[in-house]
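Asker: Numbering (full-length UniProt numbering), first residue to last: 1 to 158. Every residue, glycine too, gets a C-beta built ideally from N, C-alpha and C.
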Amino acid sequence: MSALYEYEVTKANGEKESLARFKGQPLIIVNTASKCGLTPQFEELQSLYEKYKDQGLQILGFPSGQFNDQEFHNQDETMEFCKVNYGVTFPMFAKVDVKGSDADPLFTYLTSKQKGLLTDSIKWNFTKFLVDREGNVVKRYAPQTTPKKMEEDIKKLL
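1. Starting from Val-96, trace the beta strand (DSSP E) both ways and give me its first and last residue.
2. Counting along the chain, where does the alpha helix (DSSP H) carrying Glu-43 start and finish?
3. Could you tell me how far apart the beta carbons of Leu-38 and Pro-143 are, in whole angstroms, since I believe they sit closer than 8 Å?
4. Consult DSSP for Tyr-7 and reduce its assignment to one of helix, strand or coil.
5. Where does Lys-13 land, buried or exposed, given buried means 16+ other C-beta within 10 angstroms?
6. Over what stretch of residues does the beta strand (DSSP E) that includes Gly-25 continue unbroken?
7. If Gln-75 sits next to Asn-125, beta carbons under 8 Å apart, how far is it from one beta carbon to the other, in whole angstroms?
8. For the beta strand (DSSP E) containing Ile-59, name the first residue and the last one.
9. Starting from Lys-115, trace the beta strand (DSSP E) both ways and give me its first and last residue.
10. Who are the Cβ neighbours of Lys-155 in its own chain at under 6 Å, not counting the five residues just before and after it?
11. Candidates Phe-129, Thr-145, Tyr-141: which alpha carbon is nearest Leu-27's?
12. If we count Cβ pairs, one from each stretch, closer than 8 Å, do we get three or more for the stretch 34–49 versus the stretch 19–26?
Here it is, written out as structure tokens:
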């Protein structure tokens with residue numbers, strides 16, 4: 001079993017959930033922010049989710065306020081913003097740190113498996129990781145890479 005499935009994450013409602021729930025499904029794991037210039041990527045992420053969820057694709061969104069505090073402080077505001085403004089129906093989790101000494105262990109793991117261009121740590125909001133059905137982190141995408149540009153890679157995993 002991939003080490004990815006050993007991680008537990010906190011759902012938006014505060015409950016813990018094992019990533020083992022997503023075993024056998026291709027994943028996009030992304031750190032998000034509601035008040036960022038890249039926030040419109042939610043629209044393309046949701047579009048990909050709707051297009052491929054029946055083939056198993058899951059998108060896991062993790063809000064983070066580490067980059068210029070571009071996330072709401074209240075979890076409910078984040079969830080409402082994503083749903084109302086972008087129609088997000090894919091799983092969104094509790095706000096986390098994605099870099100530094102308090103980084104969520106999941107993001108420490110992801111960055112250890114797929115290095116960044118200039119730094120291994122997360123550089124900005126909307127860094128995206130593509131994970132295959134076996135839990136292998138197969139690719140990392142820069143924040144500026146739109147979700148639509150990931151589509152061919154996603155199709156290879158379905």
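Answerer: In short:
1. Taking the first residue of the sequence shown as 1, we reach residue 96 at position 96. Segment: none, Val-96 is in no beta strand (DSSP E) and carries neither H nor E.
2. Working through the sequence shown from its first residue, we reach residue 43 at position 43. First-last of the alpha helix (DSSP H) with Glu-43: 41–52.
3. Within the sequence shown, the letter at position 38 stands for residue 38. Within the sequence shown, the letter at position 143 stands for residue 143. Going by Cβ atoms, the distance from Leu-38 to Pro-143 rounds to 6 Å, so yes, they are a contact pair.
4. To locate residue 7, count along the sequence shown from 1; it is residue 7. The answer is coil: DSSP assigns Tyr-7 none of H, G, I, E or B.
5. Numbered from its first residue, the sequence shown carries residue 13 at position 13. Sequence inspection shows Asn at residue 13; the Lys mentioned does not correspond to that position. Classification of Asn-13: exposed, given that the 10 Å Cβ count is below 16.
6. As a working note, residue 25 is residue 25 in the sequence shown. The residue you asked about is not Gly; residue 25 is Gln in the sequence shown. Where Gln-25 is concerned, there is no enclosing beta strand (DSSP E), given that its DSSP letter is neither H nor E.
7. Stepping through the sequence shown from its first residue, residue 75 is reached at position 75. Stepping through the sequence shown from its first residue, residue 125 is reached at position 125. Actually they do not touch by this definition, with Cβ atoms about 17 Å apart.
8. As a working note, residue 59 is residue 59 in the sequence shown. That run of the beta strand (DSSP E) goes 58–63.
9. Sequence index remark: in the sequence shown, residue 115 carries index 115 (1-based). Premise fails: Lys-115 is in no beta strand (DSSP E) and is neither H nor E.
10. Here the question's residue 155 lines up with position 155 in the sequence shown. Correct list: empty, nothing qualifies.
11. For the purposes of this step, residue 27 is identified with residue 27 of the sequence shown, where counting begins at 1. Of the listed residues, the one whose Cα sits closest to Leu-27 is Phe-129.
12. no
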